[in-house]
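These notes are about the structure you will find just below.
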Amino acid sequence: MVWYQKALEKSNTVCLGHYDTVSLNDLYVGGKKDLLILVFALAPDVTTDRSQKIEMVVFYQSTDAANRIREYNQSYLAGKNKLGITQIRDEEGTLIFSTLEDYDEINIYDKKYTCVKTPLELNDNVWYIESYIKTKDLTVEYWNSAILVLFAAIAVLMFAGYYSRYFLRSIVKPVEEMSKGLQQVEEGNLDIHISPSGQSEVRGMIHQFNAMVRRLKVLIGEYEERIRSIDLKPEEYFAAMMKKEMTPKEVNQRIKEFFIEDYVLLGLYVTYENQAENEKDLILNLKNSFERNPRYASRCFAYIETSRFIFVFYRVMEEEYIDRITKMVRELQREAGKEFEAKISVCISEKLFGYEVFQGGIQDIKEKICLRHLFGEGAMIDLSVDRQEKQDILEMAKKYERIAGALYIADEKNLAEEKEKMFAEFTNQDMHKNRKMVFALILAIGNRFSSDNSNFADIFGQQYNYRDKIGRIEDSRSMKLWLTNYFAWIMDYSASKLNVSETDVIIKAKRYISDHYEDPELSLLKVAEYVGLNEKYFTNRFTKEAGETFSSYLTALRMQKAKELLKTTTFKVYEISEIVGYHNVEHFNRMFKKLNKVTPAMYRKTM
Numbered sequence: 039m040v041w042y043q044k045a046l047e048k049s050n051t052v053c054l055g056h057y058d059t060v061s062l063n064d065l066y067v068g069g070k071k072d073l074l075i076l077v078f079a080l081a082p083d084v085t086t087d088r089s090q091k092i093e094m095v096v097f098y099q100s101t102d103a104a105n106r107i108r109e110y111n112q113s114y115l116a117g118k119n120k121l122g123i124t125q126i127r128d129e130e131g132t133l134i135f136s137t138l139e140d141y142d143e144i145n146i147y148d149k150k151y152t153c154v155k156t157p158l159e160l161n162d163n164v165w166y167i168e169s170y171i172k173t174k175d176l177t178v179e180y181w182n183s184a185i186l187v188l189f190a191a192i193a194v195l196m197f198a199g200y201y202s203r204y205f206l207r208s209i210v211k212p213v214e215e216m217s218k219g220l221q222q223v224e225e226g227n228l229d230i231h232i233s234p235s236g237q238s239e240v241r242g243m244i245h246q247f248n249a250m251v252r253r254l255k256v257l258i259g260e261y262e263e264r265i266r267s268i269d270l271k272p273e274e275y276f277a278a279m280m281k282k283e284m285t286p287k288e289v290n291q292r293i294k295e296f297f298i299e300d301y302v303l304l305g306l307y308v309t310y311e312n313q314a315e316n317e318k319d320l321i322l323n324l325k326n327s328f329e330r331n332p333r334y335a336s337r338c339f340a341y342i343e344t345s346r347f348i349f350v351f352y353r354v355m356e357e358e359y360i361d362r363i364t365k366m367v368r369e370l371q372r373e374a375g376k377e378f379e380a381k382i383s384v385c386i387s388e389k390l391f392g393y394e395v396f397q398g399g400i401q402d403i404k405e406k407i408c409l410r411h412l413f414g415e416g417a418m419i420d421l422s423v424d425r426q427e428k429q430d431i432l433e434m435a436k437k438y439e440r441i442a443g444a445l446y447i448a449d450e451k452n453l454a455e456e457k458e459k460m461f462a463e464f465t466n467q468d469m470h471k472n473r474k475m476v477f478a479l480i481l482a483i484g485n486r487f488s489s490d491n492s493n494f495a496d497i498f499g500q501q502y503n504y505r506d507k508i509g510r511i512e513d514s515r516s517m518k519l520w521l522t523n524y525f526a527w528i529m530d531y532s533a534s535k536l537n538v539s540e541t542d543v544i545i546k547a548k549r550y551i552s553d554h555y556e557d558p559e560l561s562l563l564k565v566a567e568y569v570g571l572n573e574k575y576f577t578n579r580f581t582k583e584a585g586e587t588f589s590s591y592l593t594a595l596r597m598q599k600a601k602e603l604l605k606t607t608t609f610k611v612y613e614i615s616e617i618v619g620y621h622n623v624e625h626f627n628r629m630f631k632k633l634n635k636v637t638p639a640m641y642r643k644t645m
C-alpha cells in the first residue's frame, strides 16, 4: 500500500491514504463494504518509541462522504441535480472511490460526458474529485437564457420598429414637409400647400404655416398691385438713379417701399472666353437669363452699366444673407459659363439701409471691382471683409502706375528704374508690407491693361489667384526673383502681342531704342527715320511726351543694362561698355559715374 510505504520512508510523519477493503477482502470493523475509509499512518522512530517495537501506528476514519456522493449520483441520474456523477482518484490516477459498480449500464468515459476535475490537497497528498456531466447538460441553461434574450430582443425591436414608424409618420415626416415648404417660400415660390398630418401639435403648426403662406401671397399681391399702379417699376427707378435721371432722395419720396428694407449692391464684371462680336446683345441676354434663378427673380433687379458691367440690387430678407448671395452668384456664374462662355467676377457691398448711402455703395463698388485682378477666376469680393486692407492696396496701386505703364508699352528703361526703387524698399520692410506692395503693383498692372479693354488674364493664358500665390512666398529674395520673372513675361507679351496703334510714334520709338540700344551708331536721326518723322519734330515730341530728351533716355537705358550686367556677370568693365553700346570705355565710366555717383568698379563692389 502506498500510504504504508510513505509512512515508513518518512518516520514520525503522519501520512494520509485510503484503504481498499474490496481488493484486500477485508472490511472496516463496524462498517459496510462501500464505505470511504481514510487512513492515517505514523511510523515512529527512536525519538518517539525508544523500545523500537512499534513499526506502524494506523488510524482508520470512516466518512459520510460515500453516502453523500452516492445520493448525489443517484439524484443526477434521476435528473434532480446537475452536479454529475462523482468519483475520487489520487494523483497517480488510482481510483479511490466510485459508485459506478451500481450502474453497469453507464459508461462515463463515453464522448457524451465531460469530466470536470477539482484538486483536493491533504497534507502532501493530492486527490482529484471527478465530476462526469453530460455535455449537453453544461450548455442547456446557456441556450435557455440565450433563447429568452433572443425573444426579448425581438420583442424590443418589434416595439422599436412600430414606435419609430409612428414617430416618423407622426412627427418627422410632417416636419420635413414644413422644412421643404419653408425653403420654397425662401426661393419665392408661394404656390404651396402642405396637407396636415401627424400629431395634433404638428397638425396645428402645419395649419399655421399654410395660413402664413396664404397671407404672404395676399400681401405680395397687394404690393405688386400697388407697384403696378405706380408709373415706374422698381427696376426702372433703379435705372433712373444709375443714369442720374433721379436722385435716391427723389425715388424715396416717390416710392417709400424701395428703401424700406436692408439691401446689398452687387457689381458683376463680365469677360468672354472668346472674343464677342456684339457684347451689348450678349450682356442683355445674360442679364435676362438671370431671371431663371428663383432667388434672383424674387429679390433682385439689375442695370447694365456697360457692355461688361452689371449692377444688381439685392433685397436682404435673412440674417445669413452672405451665404445666400454666395450660393446665388455661384449658380449665376455656372449658368453664364455654360450658356454664354462668360466669366463673372463679383463685388459685394456691405449691407446698406436707406437712400442716403445708395450712391456711396455704388461708388464703392466702382472703385473696388478692379480688385478682381487679385482674386482669380470667379472672383467674389466681399467689401465687408478686410475693408481697410483693400483700401490700402487701392491707394498704393497709384504709386505703381508708372511701372505698369512701362510694362504696357515694353519700356525697358523706365521699368528698370522703377523696379530698382521697388526692390530697394523690400529690404527695409517685413514680408506683410512687401506682399501688400506686390498686390498693389499687380492691381496697377491689371488696371493699365484693362483700361484699353484688354484682358489682363490673356497675358498668362489664365486668371491667377494672386492672393494665394503671393501668400506662399516666404522671403524678400524669393519675392524679387518671382517679380523679375513676372516682369519679363509681361515685357515679352507687350513687345510681341499687344496691339499698340502704329500712330503712337513715341511708344514705337521707345521699343526701337530698347531693341537697338547696344548699337553704338544708334542716333536721334535713325530713330526719327524709323518712325517716319523729321529729326526736329521728333525730338520736340519725344521730349514733350516722354518727359526727357532722347539722349537722356538712351543713356539711362544703357546705364540700367550696365548695372544689371555688373550685378549678375563677371564681364570686365570694358566688355560691358561695348555690350551696352559704347566704343570708348572712358566715356562709359564718366557717364556711369555722372548718373550713379560711383564708378562701375565701385558699384560692383557694393553689390
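Using this note's numbering, the first residue of the sequence shown is number 39, and each one after it goes up by one.
Every residue gets a Cβ at the ideal spot worked out from N, C-alpha and C, and that includes glycine.
Helix, strand or coil at residue i [DSSP, three-state]
| i | result |
| --- | --- |
| Q500 | coil |
| Y352 | strand |
| E159 | strand |
| D468 | coil |
| F78 | strand |
| Q125 | strand |
| D557 | coil |
| E343 | strand |
| L536 | Unreliable positioning characterises L536 in this predicted model, as indicated by a pLDDT of 49, which lies under 50. The coordinate reading is nonetheless provided below. L536: coil per DSSP, three-state reduction. |
| M418 | strand |
| E357 | coil |
| E130 | coil |
| F97 | strand |
| G219 | helix |
| L603 | helix |
| K381 | strand |
| T309 | strand |
| V618 | coil |
| H231 | coil |
| V84 | coil |
| M640 | helix |
| Y147 | coil |
Beta-carbon gap between residue i and residue j smaller than 8 Å
| i | j | result |
| --- | --- | --- |
| V350 | L409 | no |
| I508 | F477 | yes |
| L370 | V302 | no |
| L595 | Y550 | no |
| E273 | F347 | no |
| Q125 | E179 | no |
| I419 | K406 | yes |
| L74 | T101 | yes |
| V223 | I230 | yes |
Buried versus exposed, by CB contacts within 10 Å (16 or more), residue i
| i | result |
| --- | --- |
| Y575 | exposed |
| L479 | buried |
| H56 | buried |
| Q500 | exposed |
| P157 | exposed |
| T541 | Note that T541 scores 48 on pLDDT, short of 50, meaning its location in the model is unreliable; the coordinates nonetheless yield the value given after this. Exposed: under 16 other Cβ atoms inside 10 Å. |
| T593 | buried |
| I258 | exposed |
| I298 | exposed |
| D424 | exposed |
| V367 | buried |
Cβ separation of residue i and residue j, assumed to be a contact under 8 Å, to the nearest whole Å
| i | j | result |
| --- | --- | --- |
| V611 | A639 | 6 Å |
| S49 | A81 | 5 Å |
| M529 | M475 | Contact doesn't hold; Cβ gap of about 20 Å is too wide. |
| V240 | V213 | 7 Å |
| L421 | F525 | That belief does not hold up - the Cβ atoms of L421 and F525 are roughly 30 Å apart, past 8 Å. |
| Q397 | P286 | 6 Å |
| I532 | I447 | The identity of residue 532 in the sequence shown is Ser, whereas the question assumes Ile. Yes, S532 and I447 are in contact; Cβ-Cβ is about 7 Å, under 8 Å. |
Residue-chain proximity (residue i, chain C), Cβ-Cβ < 8 Å
| i | result |
| --- | --- |
| V308 | Among the chains in the structure shown there is no chain C, since it carries only a single protein chain. |
Residues bridged to residue i (per DSSP)
| i | result |
| --- | --- |
| F626 | Bridge partners of F626: none, in fact. |
| S169 | T124 and V154 |
| C53 | A79 |
| I508 | For I508, which the question treats as bridged, DSSP gives no partner whatsoever. |
| F135 | I126 |
| C338 | Y352 |
| I386 | L304 and D420 |
| V164 | E159 |
| F413 | N503 |
beta-carbon residue i near the ligand HEM non-hydrogen atom, thresh 7 Å
| i | result |
| --- | --- |
| A380 | Within the structure as shown, the ligand HEM is missing, as the structure has no ligands at all. |
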